[in-house]
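Visitor:
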Amino acid sequence: MMDDGFERGGVAPSEGALSVLRSAATERIRQALGAEGLAASNPMQLAEMANDVLESLVAARDEKPTILEQRQMLREVVEVLNAERLAASQPEAPEEPEEDPLADPLAEPESRNAPDAKNKRSLQVKAQVMPLLMQRIDISVASSLGPDQLRAQIAEIVEEIIVDLRIQLNAAELRNIVRLLVDDMVGLGPLEPLLADETVTDIMVNGPHQVYVERKGKLELTDVQFRDDPHVIHVATRIVTEVGRRVDESVPLVDARLKDGSRVNIIIPPLAIDGPTIAIRKFSKKEITLDVMARQGNISTDMATVLKIAGRARLNILISGGTGSGKTTLLNAMSRMIDHGERTITIEDAAELQLQQPHVVRLETRPANIEGEGEITMRHLLKNALRMRPDRIIVGEIRGEEAIDMLQAMNTGHDGSMGTIHSNTPRDALTRLENMVAMSGFKLPAEAVREQIQSAVHMIVQISRMRDGKRRITQVTEITGMEGEVVTTQDLFKFVYEGEGNDGSLLGHHECSNLRPHFMPRAEYFGLGARLMEAMGCRAT
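Per the working numbering, residue 129 is the first one in the sequence shown, and the count goes up by one each step.
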């Protein structure tokens with residue numbers, strides 16, 4: 129046998145051996161698909177094929193990579209092949225302009241609700257096998273097994289059941305059935321492949337037979353399906369149980385999170401008329417910084433510099449935008465400017481912020497119990513946070529009466545605090561903030577509320593998910609003071625729309641106002657005045 133880089137005698141494989149294994153798997157898939165097959169494939173198919181190939185390669189080795197190493201190899205193989213797929217399919221896009229959905233913006237979209245035939249058969253076989261499997265498997269033993277051992281045991285039992293039922297399956301189909309069954313028993317069922325697919329940013333389950341994903345800002349209907357409504361509710365219950373919550377007819381909507389930090393919203397009948405609904409905003413494993421956002425075109429380099437200075441100079445910042453616009457991602461990126469010596473407290477409904485500093489305390493709200501008692505709201509946590517000696521307070525999303533407590537925190541020595549708010553423009557954000565203060569029950573004149581807002585908030589960053597699917601910061605707006613009863617602002621940057629490209633992407637640029645920022649004295653205090661003037665194109669005065 130050729131020396132393949134693996135040591136013998138029970139020693140774990142070296143990094144070089146893992147690299148050889150990755151290369152072998154990638155090459156085998158390239159040869160199996162060919163250039164045309166690769167271009168016609170999709171990330172889900174590549175992930176399934178890579179999983180099968182890696183399993184066969186690993187099975188032939190004496191020294192087995194760990195589960196984490198296998199997952200990492202799978203991710204890297206899929207990334208390489210997906211990049212090649214995109215490169216191979218790119219030139220073919222303009223060949224048939226008559227099918228371009230942008231050619232007639234008023235044309236009715238084609239319906240795409242038909243499930244894939246292969247997937248439908250897998251679900252049918254799985255439905256036949258599952259009850260028999262549950263009769264034959266020892267649940268107490270299975271619960272103590274690791275994923276690999278459980279998969280092997282299930283595969284053995286499933287093979288027996290398939291023979292008994294006289295169902296014809298090839299090796300790949302059998303592996304797929306086993307994967308579906310294991311996912312149902314120890315994972316999140318049909319959602320597991322979508323959670324493993326790093327090109328997917330959002331997963332939307334609209335009842336058992338319609339699952340959408342978002343890739344690169346665009347929605348796609350998948351062929352993933354659940355058996356029925358109870359199957360969806362079973363997966364939803366598994367999600368919320370992990371974070372100490374429940375979902376049932378008495379609590380039909382709930383926010384939760386997955387172990388990796390992904391945000392989940394669940395709503396079930398009777399509120400969800402067409403069946404249980406699950407929306408998952410996946411937590412990106414890719415490190416997103418302001419510099420990365422500048423390279424991606426979400427912001428300009430000068431904007432990134434100004435936002436870094438704003439964070440380092442301890443400005444109180446609100447990030448404004450619509451649902452799915454990238455507010456939390458931007459908040460995570462800006463939080464990197466927090467000094468490692470500062471004590472930061474985060475407050476969220478469902479913890480998803482991923483701060484990198486060592487001294488971070490994460491707080492999360494709690495819903496009422498079945499008797500309607502024990503609820504802990506954002507406002508409760510904000511009030512308590514003020515007693516915890518914070519340097520900065522970060523609120524995942526300001527939604528209601530907690531706004532007054534956030535403003536008071538910003539106004540009482542907790543500079544550098546940040547939060548997000550749902551609104552369409554910086555001016556709308558100020559209006560919403562004012563309305564939320566009114567919700568708190570404080571009987572303050574409108575002018576007094578606005579005075580508090582303008583002294584507490586220094587900057588509003590507006591981010592939008594535009595119709596080409598790309599997320600861009602559209603405005604960086606500074607609060608400059610009051611004129612009469614009106615809060616005054618000035619735009620430091622804004623996105624200027626220039627038209628539309630042939631591929632449907634929006635064209636434009638981020639324009640600097642070249643105005644001297646109102647927070648220049650604060651930047652100078654932190655030794656950042658010269659860099660701020662350079663980024664804004666200002667002259668020293």
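Ideal placement from N, C-alpha and C gives every residue a C-beta, glycine not left out.
Predicted model, so just to flag it, every value in this text is computed and none were measured.
Can you list, in chain order, the residues of its chain whose CB lies under 8 Å from that of Thr417, leaving out five sequence neighbours each side?
Guide: Excluding sequence neighbours, Thr417 sits near Ala461, Arg464.
Visitor: Leaving out five residues on either side along the sequence, give the residues of the same chain with a beta carbon under 7 Å from the beta carbon of Val615.
Guide: Within the same chain, Val615 has close Cβ partners Leu558, Arg578, Ile581, Gln582, Ile607.
Visitor: Glu284: buried (16+ other C-beta within 10 angstroms of its C-beta) or exposed?
Guide: Label assigned to Glu284: exposed.
Visitor: Determine the direct distance from the alpha carbon of Ile447 to that of Glu183, and round the result to whole angstroms.
Guide: Rounded to whole angstroms, Glu183 to Ile447 spans 45 Å at the Cα level.
Visitor: Hey, would you say Val186 sits closer than 8 Å to Thr154, going by beta carbons?
Guide: Their beta carbons are not under 8 Å apart, which means Val186 does not touch Thr154 by this criterion.
Visitor: Below 6 Å CB to CB, which residues in the same chain sit around Ala235 once its five sequence neighbours on both sides are set aside?
Guide: Its pLDDT being 48, under 50, Ala235 is placed unreliably by the model, and the measurement read from it follows with that caveat. Once the five neighbours on either side are set aside, Ala235 has no close Cβ partner at all.
Visitor: Count Cβ pairs between the region 569 to 577 and the region 537 to 557 that sit closer than 8 Å; are there 3 or more?
Guide: Output reads no: the region 537 to 557 does not touch the region 569 to 577.
Visitor: Out of Val379, Gly345, Ser250, Thr548, which one is the CA nearest neighbour of Pro318?
Guide: Checked all of Val379, Gly345, Ser250, Thr548; the closest Cα to Pro318 is Ser250.
Visitor: If distances are taken between C-alpha atoms only, which option among Thr405, Ser412, Leu381, Pro380 comes closest to Lys387?
Guide: If we check each option's Cα against that of Lys387, Ser412 comes out closest.
Visitor: How big is the Cα-Cα spacing for Arg355 and Asp533?
Guide: Distance between the alpha carbons of Arg355 and Asp533: 46 Å.
Visitor: With a threshold of 7 Å on Cβ separation, who are the neighbours of Arg507 within its own chain once the five nearest residues in sequence on each side are excluded?
Guide: Around Arg507: Glu529, Glu530, Asp533.
Visitor: Answer yes or no: do Tyr625 and Gly636 have a C-beta to C-beta separation smaller than 8 Å?
Guide: Going by C-beta atoms, Tyr625 is nearer than 8 Å to Gly636.
Visitor: For Asp383, count neighbouring Cβ atoms within 10 angstroms of its own Cβ and tell me buried if that reaches 16, exposed if not.
Guide: By the 10 Å Cβ count, Asp383 comes out buried.
Visitor: In angstroms with no decimal places, state the Cα-to-Cα distance between His586 and Gln618.
Guide: Spanning the two alpha carbons is a distance of roughly 11 Å.
Visitor: Any contact of the region 645 to 660 with the region 432 to 448, i.e. 3+ C-beta pairs under 8 Å?
Guide: Taking 8 Å as the limit for Cβ pairs, the verdict is that the region 432 to 448 does touch the region 645 to 660.
Visitor: With H, G and I counted as helix, E and B as strand and the rest as coil, what does DSSP make of Arg156?
Guide: Looking at Arg156 - three-state DSSP - the assignment turns out to be helix.
Visitor: Determine the direct distance from the alpha carbon of Glu288 to that of Gly345, and round the result to whole angstroms.
Guide: Using only the alpha carbons, I get a separation of about 44 Å.
Visitor: Can you tell which of Ala566, Val371, Leu322, Ile396 has its C-alpha closest to the C-alpha of Glu385?
Guide: The residue you asked about is not Glu; residue 385 is Arg in the sequence shown. For Arg385, the nearest C-alpha among the options comes from Val371.
Visitor: Have a look at the DSSP bridge pairing and note the partners of Glu628.
Guide: According to DSSP, Glu628 bridges with Leu634.
Visitor: With 16 as the cutoff for other CB atoms within 10 Å, does Arg517 come out buried or exposed?
Guide: Result: exposed.
Visitor: With respect to the beta strand (DSSP E) encompassing Ala384, which residues constitute its N-terminal and C-terminal limits?
Guide: Segment 381 to 385, the beta strand (DSSP E) holding Ala384.
Visitor: Assign Ala188 to buried or exposed, taking buried as 16 or more other Cβ atoms, counted over all protein chains shown, within 10 Å of its Cβ.
Guide: With fewer than 16 Cβ atoms within 10 Å of its Cβ, Ala188 is classed as exposed.
Visitor: Residues in the same chain with beta-carbon distance under 7 Å from Arg520, minus the five sequence neighbours each way, listed in chain order, please.
Guide: The residues are Ile466, Glu470, Thr472, His542, Gly544, Ser545.
Visitor: Leaving aside the five residues before and after Ser239 along the sequence, list all residues of the same chain whose C-beta is less than 6 Å from its C-beta, in chain order.
Guide: With a pLDDT of only 46 at Ser239, under the threshold of 50, the placement of this residue in the model should not be trusted, and no figure is reported.
Visitor: For Ala407, does the three-state DSSP call read helix, strand or coil?
Guide: Here Ala407 sits in strand by DSSP.
Visitor: Between the Cα of Gln281 and those of Leu293, Ile475, Arg303, spot the shortest distance and give me the residue it belongs to.
Guide: That would be Arg303, whose Cα lies nearest to the Cα of Gln281.
Visitor: Bridge partners for Tyr340 per DSSP, in chain order?
Guide: BP columns for Tyr340 point to Met332, Leu349.
Visitor: Using the beta-carbon count (16 or more within 10 Å), is Asn497 buried or exposed?
Guide: Result: exposed.
Visitor: Can you tell me the Cβ-Cβ gap for Val328 and Lys410, rounded? I've got them flagged as a contact below 8 Å.
Guide: Confirmed, Cβ separation roughly 6 Å.
Visitor: Less than 8 Å between C-beta atoms, sequence neighbours within five positions excluded: which residues of the same chain meet that for Ile684?
Guide: The displayed coordinates of the chain run from 129 to 669. Any statement about residue 684 would go beyond what the structure contains.
Visitor: Whose C-beta lies closer than 7 Å to the C-beta of Ser551 among residues of the same chain, with five residues either side of it excluded?
Guide: Once the five neighbours on either side are set aside, the close Cβ partners of Ser551 are Ser448, Ala557, Arg560.
Visitor: Which residues in the same chain have their Cβ closer than 8 Å to the Cβ of Leu261, if we skip the five residues on either side of it in sequence?
Guide: Ile282, Ile285, Val286, Ile289, Leu309.
Visitor: Below 7 Å CB to CB, which residues in the same chain sit around Asn179 once its five sequence neighbours on both sides are set aside?
Guide: Excluding sequence neighbours, Asn179 sits near Leu202.
Visitor: Taking only three categories from DSSP, how would you classify Gly138?
Guide: The pLDDT assigned to Gly138 is 46, lower than 50, so where the model puts this residue is not dependable; a value taken from the coordinates is nonetheless given after this. Note: Gly138 maps to coil in three-state DSSP.
Visitor: For the 8 Å Cβ check, are there 3 or more pairs between the region 363 to 381 and the region 395 to 403?
Guide: Judged by Cβ distances under 8 Å, the region 363 to 381 makes contact with the region 395 to 403, as three or more pairs qualify.
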